[in-house]
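Peer 1: In short: position in the sequence shown from 1, add 9, done, that's my numbering.
Quick one: this structure, given as structure tokens, is what I'll be asking you about.
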Amino acid sequence: MSDKELRVSKIKDGTVIDHISGGYALDVVKILGITGKEKKVLTIAINVPSKRFGVKDIVKIEGKALNSQEVNRIALVAPHASINIIHNYAVVEKLEVKLPKTIEGIVKCVNPCCISNSDEPVVSKFYIKTEEPLLLKCHYCGVTLEQADVLGQL
Ligand code: CTP
Ligand code: ZN
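If you want it as structure tokens, here you go:
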């Protein structure tokens, strides 16, 4: 590394979300519900050079371990991300994000007449039609959502 480069610091304890497609780090942060006001150190790198992907984004969250639901959420916006759990500076676990078979309660249906958008206590539910490009099908009204619809709701 030359003196012209500045590498983002390693973290002591927490989670590193690596190999996010270039430009999607802020969507990852949003889908996790992180606002930056949590008094945790949050490092976001966008469009940094990557051998494997050309460019990539990285999100490092100190002092936070993601649960499996949070890991699955990331798949909606960054299907190639890898999750590294860090303890005492060492990577103790690597997880691949994976879309669950159904997405419940995270995304709203785009059909205003859908029962999941009515006054009925019905939680939204979608099936994965295709992973890339991401297409979700509403369990209730059959409407199709694209990744842009999901991103637009974050
Ligand atoms: N990392 C970190 N703090 C640590 C340890 C690792 O921020 N204490 C980051 C690294 O900078 C890297 C990611 O966590 O972005 C994964 O670390 P590591 O497995 O050591 O890197 P690679 O071998 O390059 O990972 P991969 O094989 O997944 O590309
Ligand atoms: Zn619907």
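Ideal Cβ positions, reconstructed from N, Cα and C, are used throughout, including at glycine.
Quick one: any contact between the region 98-112 and the region 36-52, if contact means 3 or more CB pairs under 8 angstroms?
Peer 2: no
Peer 1: In the DSSP assignment, what residue or residues form a beta bridge with leucine 145?
Peer 2: As computed with DSSP, leucine 145 is found in a beta bridge with Ile137 and Leu154.
Peer 1: Looking at alanine 90 and isoleucine 40, is the spacing between their C-beta atoms short of 7 angstroms?
Peer 2: no
Peer 1: Is there contact here, the region 124-138 with the region 63-73, by at least three beta-carbon pairs under 8 angstroms?
Peer 2: Flag = no, the region 124-138 and the region 63-73 do not touch.
Peer 1: Is any non-hydrogen atom of the ligand CTP found closer than 6 angstroms to the C-beta of valine 64, if you look at the structure I gave you?
Peer 2: no
Peer 1: Identify whether alanine 34 lies in helix, strand or coil by the three-state DSSP scheme.
Peer 2: helix
Peer 1: Buried or exposed: which applies to asparagine 93, given that a residue is buried once 16 or more other Cβ atoms fall within 10 Å of its Cβ?
Peer 2: buried
Peer 1: Here's the rule I'm using: 16 or more other beta-carbon atoms within 10 Å means buried, otherwise exposed. How should glycine 161 be labelled?
Peer 2: Burial is judged here by how many other beta carbons sit within 10 angstroms of a residue's own beta carbon; glycine 161 has fewer than 16 and is exposed.
Peer 1: Quick one: what's proline 109 bridged to in DSSP?
Peer 2: Answer is none; proline 109 lacks a bridge partner.
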